[in-house]
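In our numbering, the protein residues as written are 172 to 572. Backbone N, C-alpha and C fix where the C-beta goes; we use that ideal spot for every residue, glycine too.
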Amino acid sequence: MTKIKNRILKAIHNFLILLLRIERRLEPWFRAQWNYLFREPSAKFIQYLINRRRKNEGLQLAEEKFYPDEEESLNKIIDLMMDQMRGRFKPGGYERGGNTKTHGIVRATVTIRDDLPEHFRKGIFAYPRTYPAYVRYSGPGPNVPADINDVGFMSMAVKLMGVPGEKLMSEEKFTQDFITTSGGATFVTPNTRENAKLQYWSLVDMTLYYFLNPKDSHLLDFFMQSLWNETQYNPLGRRYWSCTPYLLGEGQAMMYSFVPKTTDVETHIPGLPFGTPPFNYLRENMIKTLNEKDVEFDLMIQLQTDPHLMPIEDSSVRWPEELSPFIPAATVHIPKQKFDSDAQFEFAKRLKMNPWHCLPEHRPLGNLNRARFRMYYELSKFRQEMNETTHLEPTGDEIFD
């Protein structure tokens, strides 16, 4: 009976995914208008419902609260993601457990602004200067599908190099990493406990049941994510959010976001609605863009001003910009370049992106970020062992054939 039930659930799940994929092929003709009219009102209503059920725990600004089941949840997440990687990849071809599909890794510079308010001048933002950087654009995973069949959001990870000072994770000495997604200002799960459940449903390839399971549903998170999960056109033209908080010096917390300044990037998707778009059209649109022009993003930061309405431990809550707007703190400049050589993609496999590659002034906050310290370390170590490759801390002087 259980086998029959599982087959029925799997069939329903696959049918829903099929409908989603059909809808994604049609989105270019209506989604922008829908977003303009309905996204913000919908997000505010969903956030109202999420906040209604939350209790005020009386925390202070930048204060964390540790939960007794964090270690248990983290162990489950790591085990489930390793099992998932074993089932999807072969030795020598292991991809990351999350942020899996590499669309491209490009050279950049990050220039800190000279007009920041004094209380924002902490860590890398303390002085106006320019850092060399690599920017990795990727799909969410856990698979490496055709871009048109992906989940509907992307990731942007920025690694600054030549950053002086002691780092919280000793495996890299001179880097500062910023990791973001385009799926809106909230994370897909509110905490590690729920993330462990998501990883189980992802392992059995029925991710939608994490959200739709009638015995343990996460409908508000589903609706919130769906507002930003959509057909993607070019990684260089999207906004990205940290979704989790970080210190901005002692006693201050921040979120950060990369906001595109270059609006005229390549966005054409050949083959829509019913043809076959190129498997890697997102990469191809990046190539077309960077063959012709430079691209820039503003690195924006948002200061926590209310410890309840802007929580540290619940990543399903969007910090209200009415309470604290994002302000520009730096400029990410990506010059025209070639980045699609095999050597450059092999280089990407040796990189580790981890928010704990950071100065103490930007220590990651909250249970999801605490989990990332060991989770990212163990999963990247496992991936590189299975590929028989080694970790490389880049300097920016790398040369690719």
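Gly275 has Tyr308 as its beta-bridge partners, per DSSP. According to the DSSP assignment, His290 belongs to no alpha helix (DSSP H), since it is labelled neither H nor E. Contact between Ile472 and Ala500 is confirmed by a C-beta separation of about 5 Å, below the 8 Å threshold. In the DSSP assignment, Lys181 falls outside any beta strand (DSSP E) and within the unbroken alpha helix (DSSP H) covering Thr173 to Leu197.
Taken atom to atom, the span from the alpha-carbon of Leu197 to that of Glu401 is near 11 Å. Beta-bridge pairing by DSSP links Thr282 to Thr301 and Thr502. Ranked by how close their Cα comes to the Cα of Thr346, the residues Arg554, Gln475, Arg545 and Asn525 have Asn525 in first place. For Phe516, the secondary structure class from DSSP, reduced to helix, strand or coil, is helix. Per DSSP, the continuous alpha helix (DSSP H) segment holding Met252 begins and ends at Glu241 to Arg259.
Between the region 247 to 259 and the region 360 to 378, the count of C-beta pairs closer than 8 Å reaches three or more; the two stretches touch. Pro531 sits in a helix when the DSSP states are folded into three classes. A contact is defined here as three or more CB-CB pairs under 8 Å, and the region 310 to 320 fails this definition with respect to the region 278 to 298. If you check the CB distance, Met325 and Ser309 come in under 8 Å. Every unbroken stretch of the alpha helix (DSSP H) spanning 4 or more residues and falling wholly within the region 363 to 428 is given here in chain order: 363 to 374, 379 to 383 and 390 to 397. In the DSSP annotation of this structure, the continuous segment of the beta strand (DSSP E) that includes Thr351 starts and ends at Thr346 to Thr352. Ser551 carries a helical assignment under DSSP once its states are collapsed to helix, strand and coil. The residue from Leu419, Arg307, Tyr305 and Leu287 with its alpha-carbon nearest to that of Pro299 is Leu287. Taking Glu492 as reference, the option from Lys215, Tyr207 and Pro361 with the minimal CA-CA separation is Lys215. In the DSSP assignment, Lys330 falls outside any alpha helix (DSSP H) and within the unbroken beta strand (DSSP E) covering Ser326 to Met332.
When rounded, the separation of the alpha-carbon atoms in Leu398 and Pro416 is 21 Å. Rounded to whole angstroms, the separation of the alpha carbons of Ile505 and Asn451 is 20 Å. The beta-carbon separation of Met395 and Ser487, rounded to 7 Å, stays under the 8 Å limit for a contact. Counting along the chain, Gln204 sits inside the alpha helix (DSSP H) bounded by residues Arg202 to Trp205.
When only Cα atoms are considered, Lys176 and Phe260 end up about 28 Å apart. Assigned with DSSP and collapsed to three states, Pro431 falls in strand.
Going by DSSP, Phe216 is part of the alpha helix (DSSP H) stretching over Glu211 to Arg223. Judged by DSSP in its simplified three-state form, Leu539 adopts helix.
The residue among Thr460, Met377, Arg489 and Glu463 with its C-alpha nearest the C-alpha of Met425 is Arg489.
Between Asp477 and Val430 a beta carbon distance of about 23 Å is seen, past the 8 Å cut, so the two are scored as non-contacting. Comparing alpha-carbon positions, the option among Val375, Ser413, Asp376 and Thr360 lying closest to Ser388 turns out to be Thr360.
Looking at the DSSP output, Val466 sits in a beta bridge with Ile505. Annotation: Thr460 to Lys432 spans about 14 Å, alpha carbon to alpha carbon. Look at Ile472 here: in three-state DSSP terms it is strand. A distance below 8 Å separates the beta carbons of Glu532 and Gly420.
Using a C-beta cut-off of 8 Å, the region 547 to 564 makes no contact with the region 371 to 383, since fewer than three inter-stretch Cβ pairs fall below that distance. The Cβ neighbour count for Lys236, taken over all protein chains shown within 10 Å, is under 16; the residue is labelled exposed.
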